[in-house]
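Enquirer:
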Amino acid sequence: MDDARKLLDSLMGPSRDKDMKEQKRSDGWKERNVCKRFLVGFCPNDSQDNWFKNTRRDIGSCTKVHSVALKQQFEQHPDREKYQTDYEKDFLDYLEGLIHEADQWISRERKNCKGAGVETRIPPNLKQTIDRMKEQAEDLMKKAEDLAESGDVAGSKRMVDESGRLKQDIEEIRATHTVEVAAEEVCDICGVRCQPGEAADFQAHLDGKLHEGYTRIREKVKELREKVRAAPEKPQAERRASAGAEAKDRERRRSRSRSRRRGSRSRERRRRR
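Residues in the sequence shown are numbered from 1 upward in steps of one, following UniProt numbering.
1. For D93, which of helix, strand or coil comes out of DSSP?
2. Measure from the alpha carbon of I170 to the alpha carbon of each residue in K220, Q136, D188 and S47, then state which is nearest.
3. Let me check one thing: in DSSP terms, what residues is G28 bridge-paired to?
4. Along the alpha helix (DSSP H) that carries E212, what are the first and last residues, could you check?
5. Whose C-beta lies closer than 6 Å to the C-beta of K209 among residues of the same chain, with five residues either side of it excluded?
6. Got a sec, what are the start and stop residues for the alpha helix (DSSP H) G155 sits in?
7. Would you call residue 352 buried or exposed, if buried means 16 or more other Cβ atoms sit within 10 Å of its Cβ?
8. Taking just the CA atoms, how far does S61 sit from K21?
9. Is it true that the CB of D27 sits closer than 9 Å to the CB of F38?
10. Can you list, in chain order, the residues of its chain whose CB lies under 7 Å from that of F202, leaving out five sequence neighbours each side?
11. Answer yes or no: do V118 and T178 have a C-beta to C-beta separation smaller than 9 Å?
12. Apart from the five residues just before and just after C190, which ones in its own chain have a Cβ nearer than 6 Å to its Cβ?
13. Output the distance between the C-alpha atoms of V181 and D103, rounded to the nearest integer angstrom.
14. State the beta-bridge partners of T120 as determined by DSSP.
15. In the structure shown, what three-state DSSP assignment does R239 receive?
16. Please classify residue 301 as buried or exposed, where buried requires at least 16 neighbouring CB atoms within 10 angstroms.
17. Using a Cβ-Cβ cut-off of 7 Å (strictly less than) and excluding sequence neighbours within five positions of I217, which residues of its own chain qualify?
18. Under three-state DSSP, which class holds D103?
19. Identify which residue in L166, P232 and A154 has its Cα closest to the Cα of D139.
20. From P232 to A183, what does the alpha carbon distance come to, in whole angstroms?
21. Taking the alpha-carbon positions, what's the K157 to K134 distance?
22. Hey, how far is the Cα of S163 from the Cα of T120?
As structure tokens, then:
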């Protein structure tokens, strides 16, 4: 039921079931429960498409409204430019915080990379076969001991030989499934450890939601930074008047970012317990 409501809110806006006056509003996007990141780009942790969910970098889901209808209202509204600059500044600050955390993750993961070597990869069904063969080999050795104690030397030798053949078969299976593996590398986009030398593994990483998410985040940050640089410079008096407010905004955003990082570290500690 909640998922259906969220879908309708996304398509039609949260005022869809209100009176006609509310539905005809063209500035519903100003409401506090509307995600402003979504209005000027996208929301990385939208509950409907959360790139970080079920990963070690889960930052929780955004509970605000992500409405295509409200986004269209915002883009067509005569006051859009008045609000867009502030929304984009907040959005840029938020995305830069995510990139900062990702870059720290990348730095740590580079210390954990495995070098090139060999690896034995036994399929689950074959692993069960090997386990049975091990049990049979152990049973044969016990029988060999019993026969030796009873004086049946020839029978004991047969059991030892059969056990040896089973162990040899196990080693041959292992050798067949032992391969050389390339050294691990850390993706400088998302921080995932992967093996570029193994096509299937590397493609799975590139197709992953985490890599897709950080690719979009880094592209958006580049776009917003260029937009900020290209923006016309404000008159000196206006710059002075806004300096104090901007300083407060920066401190508020830093505080939010620190709280988010503390929450992320706290969740990580709970997962490790």
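Glycine included, every Cβ here is placed at the ideal spot set by N, Cα and C.
Expert: Quick look at the numbers:
1. helix
2. Q136
3. DSSP output for G28 lists no bridge partner at all.
4. K209 to A230
5. W51
6. V153 to T176
7. Nothing about residue 352 can be read from this structure; the chain reaches only from 1 to 273.
8. Because the pLDDT of K21 is 47, which lies under 50, any placement of that residue in the model is unreliable, and the question is left without a value.
9. no
10. C194, Q195 and P196
11. yes
12. L210, H211 and Y214
13. 26 Å
14. T178
15. Because the pLDDT of R239 is 47, which lies under 50, any placement of that residue in the model is unreliable, and the number read from its coordinates should be weighed accordingly. Reduced to three states, the DSSP call for R239 is helix.
16. Here the chain has residues from 1 to 273 only, and residue 301 is not among them.
17. P44, L95, L98 and I99
18. helix
19. L166
20. Using only the alpha carbons, I get a separation of about 48 Å.
21. Cα-Cα distance, rounded: 18 Å.
22. 23 Å
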